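Participant:
In the UniProt record's numbering, the protein residues as written are 1 to 460.
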């Protein structure tokens, strides 16, 4: 009985101490990415530039949520449709207020729901629904209602990654087939049993609703929609401009599905025990590429290795290539102390030369990382994946690749196998947990044994 109590003691201390510290680290890392709301004042925006509206072109409305929208799910398809130059592509939200994307990036919508209706006079021809987090049902209701009201028999609804949950929540997937990210499709089956969830397709077409699986599958689905609207030649041209390695799935979305494996434990361990996160600045500058900035924020912000701070030379929004208005959380003059500054884009050295000079003149001597330097002919996610492998270990990079559902063969991962810091921290707190257990064990059991033996000797 005493042995059993001691075993329970050691297990309890281990669970409370190691599990508690891990849970605190995990939830904080998740919040840094998924709930990275702006906590700095929003400046008065003097002028908002919008892409020119051409009534002869079909309109693509890429939806923003009331509070938080997945960064890649929004930025990826926006860029793909805009690259055709054959659509009006707009960022649309319930109102005109600044919206947040995961990882610490803010964006100013082109139009509110009401403004877009006044502009078009009808529902958009294509509606792209990213993963929009339903943080508060009341504040999310305008988004749900807009999706329901603008779904018609004549337009196309495209969900990206977990955006299929938003469609299911709106009732659009009842009785239909749909795709979702491999990591949460089991939860989707439980939450929305009337939908026929498919694990083995990059995207699923059911009527005029197209739902894509994990992250990069949304590129396949977007290219598929373009091929149906504008022809295969246009779709292939865009894929070539992107250096996209997975085009074969556009015509045949069947895949061998991913499942969780023991090797994927590196992700929660990263989230829980990566205590010394890099304070990484990401420079926003005019005419920067959309996919390039998405690749840095999505990879390094999500994995738990970095805390992202968006920086620009102005308090006003910068305008990306293809007309998105991105708002940095910090100007160069009030930026926090950083470990490094990352610059996205193969031409960042020349396009952002003025910003780089100002940054250095202010006295910032942080490491400058030109993430896509020398990678003009590569897909924008490939260089960051390789950098992550060198920084955090190959196993961490492999999980990031799997999460993104990248299925190309163009990566060369180099670096240590595992992160020494993560497993070192875990080992350290396990040792501390053992020491605490030994102290309690000695106090509760061993001292009592000594007292009892002493009394037995005295009575003899």
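Glycine included, every Cβ here is placed at the ideal spot set by N, Cα and C. Keep in mind that this is a model prediction, so the values were computed, not measured.
1. Just to confirm the assignment, what range does the alpha helix (DSSP H) spanning residue 397 have?
2. Would you mind stating whether residue 293 and residue 327 have Cβ atoms separated by less than 9 Å?
3. Taking 6 Å as the limit between beta carbons, can you name the residues of its chain near residue 323, skipping five residues before and five after?
4. Considering only DSSP beta bridges, list what residue 360 is partnered with.
5. Can you list, in chain order, the residues of its chain whose CB lies under 7 Å from that of residue 243, leaving out five sequence neighbours each side?
6. Do residue 413 and residue 398 have their C-beta atoms closer together than 9 Å?
7. Is it buried or exposed for residue 146, if we count other Cβ within 10 angstroms and need 16 for buried?
8. Considering only the alpha carbon of each residue, which of 375, 231 and 12 lies closest to residue 349?
9. Do residue 125 and residue 60 count as a contact pair if the criterion is CB distance below 9 Å?
10. Beta carbon of residue 354, beta carbon of residue 318: below 9 Å?
11. Quick check: what's the CA-CA separation for residue 18 versus residue 430?
12. Please check the pair residue 280 and residue 308, which I expect to be a contact at CB under 8 Å, by giving their CB distance rounded to whole angstroms.
13. According to DSSP, is residue 187 part of a helix, a strand, or is it coil?
14. Buried or exposed: residue 26, going by 16 or more other Cβ atoms within 10 Å of its Cβ?
15. Is the Cβ-Cβ distance between residue 415 and residue 392 less than 9 Å?
16. My parser needs the alpha helix (DSSP H) runs of 4 or more residues fully inside the region 113 to 156; what are they?
17. Compare the Cα-Cα distances from residue 387 to each of 409, 342, 290 and 90 and report the closest residue.
18. For residue 176, which three-state DSSP category applies?
19. How many Å lie between residue 99 and residue 32 at the Cα?
20. Around the C-beta of residue 110, are 16 or more other C-beta atoms found within 10 angstroms, so that it is buried, or is it exposed?
21. Which residue wins for smallest C-alpha separation from residue 301, given the options 385, 165 and 95?
22. Any idea if residue 122 is buried or exposed, counting beta-carbon neighbours within 10 angstroms, 16 or more meaning buried?
23. Whose C-beta lies closer than 7 Å to the C-beta of residue 175 among residues of the same chain, with five residues either side of it excluded?
24. Who are residue 511's beta bridge partners in DSSP?
25. Inspect the beta-carbon positions of residue 80 and residue 219 and report whether they are closer than 9 Å.
26. Cα separation between residue 438 and residue 425?
27. Would the region 149 to 157 count as touching the region 180 to 197 if we require 3 or more Cβ pairs under 8 Å?
28. Under three-state DSSP, which class holds residue 99?
29. I think residue 405 touches residue 215, with their Cβ atoms under 8 Å apart; what is that distance to the nearest whole Å?
30. In angstroms with no decimal places, state the Cα-to-Cα distance between residue 333 and residue 312.
31. May I have the straight-line CA-CA distance separating residue 11 from residue 389, to the nearest angstrom?
Facilitator: In short:
1. Where residue 397 is concerned, the enclosing alpha helix (DSSP H) stretches over 394 to 404.
2. Not a contact, by the Cβ cut-off of 9 Å.
3. Annotation for residue 323: 51 place their beta carbon closer than 6 Å to its own, counting only its chain and skipping 5 residues before and after.
4. In the DSSP output, where bridge partners are listed per residue, residue 360 has none listed.
5. The answer, listed in chain order, is 377, 378 and 379.
6. A contact, by the Cβ cut-off of 9 Å.
7. Buried: at least 16 other Cβ atoms inside 10 Å.
8. Distance check between residue 349 and each of 375, 231 and 12 places 375 closest, using alpha-carbon atoms only.
9. A distance below 9 Å separates the beta carbons of residue 60 and residue 125.
10. No.
11. Residue 18 and residue 430: Cα-Cα distance of roughly 7 Å.
12. Your pair residue 280 and residue 308 checks out as a contact, with CB atoms roughly 6 Å apart and the cut at 8 Å.
13. Three-state result, residue 187: helix.
14. Classification of residue 26: buried, given that the 10 Å Cβ count is 16 or more.
15. Yes; because the gap between Cβ atoms is below 9 Å, this pair is in contact.
16. DSSP runs (the alpha helix (DSSP H)) wholly in the region 113 to 156: 113 to 120 and 137 to 150.
17. Minimum Cα-Cα distance from residue 387 among the listed residues 409, 342, 290 and 90 corresponds to 342.
18. Note: residue 176 maps to coil in three-state DSSP.
19. Looking at the two C-alpha atoms, the distance is approximately 16 Å.
20. Its Cβ being crowded by 16 or more others within 10 Å, residue 110 is buried.
21. Of 385, 165 and 95, the residue nearest in Cα terms is 385.
22. Within a 10 Å sphere around the beta-carbon of residue 122 sit fewer than 16 other beta-carbons, which makes this residue exposed.
23. 194.
24. Nothing can be reported for residue 511, as the shown portion of the chain is limited to 1 through 460.
25. Yes, the Cβ-Cβ distance between residue 80 and residue 219 is below 9 Å.
26. One C-alpha to the other measures close to 20 Å.
27. Judged by Cβ distances under 8 Å, the region 149 to 157 makes no contact with the region 180 to 197, as fewer than three pairs qualify.
28. Looking at residue 99 - three-state DSSP - the assignment turns out to be strand.
29. Your pair residue 405 and residue 215 checks out as a contact, with CB atoms roughly 6 Å apart and the cut at 8 Å.
30. Each residue's alpha carbon lies about 9 Å from the other.
31. So the alpha carbons of these two residues sit roughly 34 Å apart.
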